[in-house]
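Just so we're aligned: 485 in the working numbering is position 111 of the sequence shown, and the numbers increase by one with no gaps anywhere.
Ideal Cβ positions, reconstructed from N, Cα and C, are used throughout, including at glycine.
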Amino acid sequence: GEVLKNLNKFYKRKEIQRLGAENGLDARLFHQAFISFRKYIMESSSVSADLHIILNDICCDAGKVCPVGHVDDLFPFFLRHAKQIFPMLDCMDDLRKISDLRLPPNWYPDARAIQRKIIFHAGPTNSGKTYHAIQRFLSAKSGIYCGPLKLLAHEIFQKTNDANVPCDLVTGEERVYANEDARQAPHIACTIEMCSTNTPYEVAVIDEIQMIRDPARGWAWTRALLGLCAEEIHVCGEAAAVDLVTELMYTTGEEVEVRNYKRLTPLTVLDDALESLDNLRPGDCIVCFSKNDIYSVSRQIEARGLECAVIYGSLPPGTKLEQAKKFNDPDDPCKILVATDAIGMGLNLCIRRIIFNSIVKPTINEKGEKEIDSIPTSQALQIAGRAGRFGSSFTQGEVTAMHREDLVRLKEILSEAVPPVKAAGLHPTPEQIEMFAYHLPDATLSNLIDIFVSLSQVDGMYFVCNIDDFKFLADMIQHIPLNLRSRYVFCTAPLNRKEPFVCTTLLKFARQFSRNEPLTFDWLCRHTKWPLAAPKNIKELVHLEAVHDVFDLYLWLSYRFMDMFPDAALVRDIQKKLDDIIQIGVRNITKLIRASQSAAAPGTAEVVSEDFPTTKRDARVASDRHGAKSPEALSIAAEAPALRRVRNPRASRSGTRQEDLKSYGRGSLANRLLREGLLTQEMLRQLESEWQDQHRNGRYGLGSKRDDQHSSKETGKKRK
């Protein structure tokens, strides 16, 4: 007891905490090191003689006027123990230098060797800003276009070649050469992560520059802006990014010319909500923020005898284009579009009116935490701006909401100023991680990333991007023997970690790769059970989308490890065939929904694939359904976030129905569930109706309040 008392006294001394900080132990590491040190002393059967003597002097001399021992004497032993559990303390100065991210412009000496001209084309959606930048791109002797999506890169690739300007296409999964002999063309259209910072160009175009603040991908825009070797850099995006780009270019000694653009067609926010799908008109687009809402709304539209196109994020690019073409075709009977925010960029659509089915959506913040909140002004304006596109058959655009109470909040969101972009994203490079590994040879890649982020220093204009996806993959393949560079490449693979089948496939890829066994076309066909039939229900459609992502993953890896993924051409061929099969499924999506609902057990709601799996159990079930029965696959599924999806959540309502519930002592819970997006107004009304029916029937007439509350909980469980 005396030893424990003195150890806690040691921990609380400010002098000891200061000494710890001087030796590289911040508050978190100091606490973890002390817990381990205390456990070592209290639980070890014996300790070293010198430490035993110090502890003896401290405990025996307690209370003496001139004690021989003092708790501060424990610090050398504490520091020695801390270095055993945190090896980086011995090389902290070197690690701090490696992880110093305060001068990113210096990472690109080729760009600093030339004087670049920066032109910022600032304006809202449908203002012609990108058009003017592309005109300069086409007139240049050489150029590079950097966009956020494969669809955008492909569009510029086609337009450039149609203008008789040879242009190559470069994405993570694809290389298409304008020249038949595969010589590199002077112009390139690429996804922004694929741009080269070593090749000189006359003109570079960086599209959607406001995404430099993106918590996951912002580093790619920072790299392009600071590192592209082009005489002219044309930056396109929201005016909210002008100040940050100007500040960043000030640190490189380059001036920014700002050209402002206004919207080319008028956009009107209507005073009336849609209220009912009976009020739909040709050219309407209903924007939803979950797949379940997409399925529900498209089914209701079809029940009214109308035909609709469907576009959401996980569809293959070919399917999205096919659905967009169907909606845009004036001779096609399909006049309604149901889509997610995937229409915000990358597709040219002839939309008369945008209708927000909901104004809240699940998001991931800078810390990687999932939240349900109102859509930000920037995103709302980008989606709304798709209505009344310049050059389409509609000379003006209209915006409204599905529900009256949402329209009030939507008007507020659209009228707010877009907050300025304050910081640009950064990401550790493979070279930096390799240097870390040299100093810490026994650390896992996930730990190396953690240590790097904890030691990294950035100034106010930058932030370190969220690396949760990277760490997830690093932990998943940690047990597979790979060299560090290969492991790093596998961990940067672009996949959705909420898809168990895709994650399991990456695990199998890595395991086969580690054995030095090429991943052949036949192997991939056996794993994916190719050939596949057209889907009969929604679950099968979702699985086909996952298989398409697996083919994308194979192609992505084939450009990094050509000898180990040798059959890219064959895989691309069957991916095109799979795209056609998925298109058949999407064209018949309402039939698939009906088949799914009829197959579900009576009284239960079928769990279809959602952007966020409902529970860990659902993720494991999905994993088993796709044949991923290994322990690793189950652990992957268990990692899937358990965020509940909501149909039409409107957390801002607090009307009479909630007041009625308060009379039964449940108002605070209802409000909390509404705020958290776990309860919808429709569910709330049904709960209230059941509650009133139970009282009306005298079911709880003489029962205690406690019984009422218990029954309320049971009703809630049944409702779920």
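| task | Would you mind reading off the limits of the beta strand (DSSP E) that contains Phe-460? | result | Walking along the sequence shown from the start, residue 460 turns up at place 86. Counting along the chain, Phe-460 sits inside no beta strand (DSSP E), nor does DSSP assign it H or E at all.
| request: Express the C-alpha separation of Ile-488 and Glu-891 in angstroms, rounding to a whole number. | output: As a position in the sequence shown, residue 891 is number 517, starting the count at 1. As a position in the sequence shown, residue 488 is number 114, starting the count at 1. If I take the Cα positions, the gap works out to 45 Å.
| Per-residue DSSP class, three states only, for His-444 | Numbered from 1 along the sequence shown, position 70 holds the residue referred to as residue 444. The DSSP-derived three-state label of His-444 is coil.
| request: Return the chain-ordered ranges of every beta strand (DSSP E) run that is complete within the stretch 521-598 and spans a minimum of 3 residues. | output: The qualifying runs are 541-544, 561-565, 574-580.
| query | In terms of residue numbering, what span does the alpha helix (DSSP H) encompassing Ala-942 cover? | reply | Taking the first residue of the sequence shown as position 1, residue 942 is located at position 568. Per DSSP, Ala-942 is one residue of the alpha helix (DSSP H) stretching across 942-961.
| message | Helix, strand or coil for Gly-718? Go by DSSP, reduced to three states. | response | Start at 1 with the first residue of the sequence shown, and residue 718 comes out as number 344. Note: Gly-718 maps to helix in three-state DSSP.
| query | For Ser-956 versus Glu-914, is the C-beta distance shorter than 8 Å? | reply | In the sequence shown, the residue the question calls residue 956 occupies position 582. In the sequence shown, the residue the question calls residue 914 occupies position 540. According to the sequence shown, residue 956 is Ile rather than Ser. No, the Cβ-Cβ distance between Ile-956 and Glu-914 is not below 8 Å.
| field | C-beta contact flag for Gly-799 and Ile-607 at 8 Å | value | In the sequence shown, residue 799 corresponds to position 425, counting from 1. In the sequence shown, residue 607 corresponds to position 233, counting from 1. Cβ distance not < 8 Å, so Gly-799 and Ile-607 don't count as in contact.
| query | Which word fits Ala-1025, buried or exposed, when buried means at least 16 other C-beta atoms lie within 10 angstroms of its C-beta? | reply | For this step, residue 1025 is matched to residue 651 along the sequence shown. Low local confidence applies: a pLDDT of 39 at Ala-1025 is under 50, so the model's placement there is unreliable, with the coordinate-based value given in what follows. The Cβ neighbour count for Ala-1025, taken over all protein chains shown within 10 Å, is at least 16; the residue is labelled buried.
| task | Tell me whether Phe-494 sits in a helix, a strand or coil according to DSSP, three-state version. | result | The count along the sequence shown starts at 1 and reaches residue 494 at position 120. Three-state result, Phe-494: strand.
| Where do the N-terminal and C-terminal ends of the beta strand (DSSP E) with Ile-710 fall, by residue? | The residue given as residue 710 occupies position 336 in the sequence shown. Looking at the DSSP string, the run of the beta strand (DSSP E) that includes Ile-710 is 710-713.
| said: Once DSSP output is grouped into helix, strand and coil, what is the label at Gly-837? | reply: Against the sequence shown, residue 837 aligns to sequence position 463. In the sequence as displayed, the identity of residue 837 is Phe instead of Gly. In the structure shown, Phe-837 sits in a strand (DSSP, three-state: E or B).
| query | For Tyr-385, which of helix, strand or coil comes out of DSSP? | reply | Mapped onto the sequence shown, residue 385 falls at position 11. In this structure, Tyr-385 counts as helix in the three-state DSSP scheme.
| query | Just how far apart, CA to CA, sit Leu-381 and Phe-411? | reply | Here residue 381 corresponds to residue number 7 of the sequence shown, with the count starting at 1. Here residue 411 corresponds to residue number 37 of the sequence shown, with the count starting at 1. Whole-angstrom Cα-Cα distance: 9 Å.
| request: Just tell me which of Thr-620, Arg-470, Ala-594, Ile-472 has its CA closest to the CA of Glu-582. | output: What you label residue 582 is simply residue 208 of the sequence shown in a count that begins at 1. Distances from the CA of Glu-582 to each of Thr-620, Arg-470, Ala-594, Ile-472 were compared; the closest alpha carbon is that of Ala-594.
| Where do the N-terminal and C-terminal ends of the alpha helix (DSSP H) with Phe-826 fall, by residue? | The residue labelled residue 826 in the question sits at position 452 within the sequence shown. Start and end: 819-829.
| request: Output the distance between the C-alpha atoms of Leu-898 and Arg-549, rounded to the nearest integer angstrom. | output: Within the sequence shown, the letter at position 524 stands for residue 898. Within the sequence shown, the letter at position 175 stands for residue 549. Distance between Leu-898 and Arg-549, taken at the CA atoms: about 21 Å.
| query | Can the beta-carbon of Asn-430 be found closer than 8 Å to that of Ala-590? | reply | Mapped onto the sequence shown, residue 430 falls at position 56. Mapped onto the sequence shown, residue 590 falls at position 216. In this structure, Asn-430 sits away from Ala-590, with a CB-CB distance that is not shorter than 8 Å.
| said: Check whether the stretch 497-506 and the stretch 624-643 touch, using three or more Cβ-Cβ pairs below 8 Å as the test. | reply: Contact holds: three or more Cβ-Cβ distances are below 8 Å.
| query | Quick one: any contact between the stretch 787-799 and the stretch 608-622, if contact means 3 or more CB pairs under 8 Å? | reply | Yes, the stretch 787-799 is in contact with the stretch 608-622.
| message | Please classify Met-1057 as buried or exposed, where buried requires at least 16 neighbouring CB atoms within 10 angstroms. | response | As a position in the sequence shown, residue 1057 is number 683, starting the count at 1. Under this definition Met-1057 is a buried residue.
| request: Measure the Cβ-Cβ separation of Pro-461 and Leu-814 and say whether it is below 8 Å. | output: Position 87 of the sequence shown, counting from 1, holds the residue named residue 461. Position 440 of the sequence shown, counting from 1, holds the residue named residue 814. In this structure, Leu-814 lies closer than 8 Å to Pro-461 by Cβ.
| alpha helix (DSSP H) segment containing Val-924, residue limits | As a first step, residue 924 is located in the sequence shown; it is residue number 550 there, counting from the start. Taken as a continuous stretch (DSSP letters only), the alpha helix (DSSP H) holding Val-924 covers 912-932.
| query | Is the Cβ-Cβ distance between Phe-875 and Leu-847 less than 8 Å? | reply | By one-based count along the sequence shown, residue 875 stands at place 501. By one-based count along the sequence shown, residue 847 stands at place 473. No Cβ-Cβ contact shorter than 8 Å links Phe-875 with Leu-847.
| message | Rounded to whole angstroms, what is the Cα-Cα separation between Gln-584 and Leu-403? | response | Walking along the sequence shown from the start, residue 584 turns up at place 210. Walking along the sequence shown from the start, residue 403 turns up at place 29. Distance between the alpha carbons of Gln-584 and Leu-403 is about 36 Å.
| The beta strand (DSSP E) enclosing Gly-611, as first and last residue numbers | Sequence index remark: in the sequence shown, residue 611 carries index 237 (1-based). Where Gly-611 is concerned, the enclosing beta strand (DSSP E) stretches over 603-611.
| query | Does the Cβ-Cβ distance between Lys-796 and Ile-823 come in under 8 Å? | reply | Taking the sequence shown and counting its residues from 1, one reaches residue 796 at position 422. Taking the sequence shown and counting its residues from 1, one reaches residue 823 at position 449. Not a contact, by the Cβ cut-off of 8 Å.
| Looking at C-alpha atoms only, which residue of Ile-566, Ile-562, Ala-698 is the closest neighbour of Pro-574? | Working through the sequence shown from its first residue, we reach residue 574 at position 200. Nearest neighbour of Pro-574 by Cα position, chosen from Ile-566, Ile-562, Ala-698, turns out to be Ile-562.
| said: With H, G and I counted as helix, E and B as strand and the rest as coil, what does DSSP make of Cys-724? | reply: If you number the sequence shown from 1, residue 724 lands on position 350. DSSP places Cys-724 in the coil class of the three-state scheme, outside both helix and strand.
| query | Taking Cβ to Cβ, would you say Ile-580 is nearer than 8 Å to Val-609? | reply | As a working mapping, residue 580 is identified with position 206 in the sequence shown. As a working mapping, residue 609 is identified with position 235 in the sequence shown. The answer is yes: Cβ separation under 8 Å.
| Comparing the CB of Glu-891 with every heavy atom of the ligand MG, is any distance shorter than 7 Å? | Of ligands this structure carries none, so the ligand MG is not represented either.
| From Arg-486, His-506, Leu-695, Ala-559, residue whose alpha carbon lies closest to that of Asn-572 | Within the sequence shown, the letter at position 198 stands for residue 572. When only C-alpha atoms are compared, the closest one is Arg-486.
| query | In three-state DSSP terms, what is Lys-882? | reply | Taking the sequence shown and counting its residues from 1, the one referred to as residue 882 is at position 508. When secondary structure is reduced to three states using DSSP, Lys-882 falls in the helix class.
| field | For Arg-961 and Thr-774, the rounded distance between their alpha carbons | value | Taking the first residue of the sequence shown as position 1, residue 774 is located at position 400. Taking the first residue of the sequence shown as position 1, residue 961 is located at position 587. Arg-961 has its alpha-carbon roughly 27 Å from the corresponding atom of Thr-774.
| Near Val-544, which residues of its chain fall below 7 Å by C-beta distance, leaving aside the five closest residues on each side in sequence? | As a position in the sequence shown, residue 544 is number 170, starting the count at 1. Non-local beta-carbon contacts of Val-544 in its own chain, meaning distances under 7 Å to residues more than five positions away in sequence, involve Ile-562, Cys-564, Met-568 in chain order.
| Taking Cβ to Cβ, would you say Arg-760 is nearer than 8 Å to Ile-710? | Indexing the sequence shown from 1 puts residue 760 at position 386. Indexing the sequence shown from 1 puts residue 710 at position 336. A distance of 8 Å or more separates the beta carbons of Arg-760 and Ile-710.
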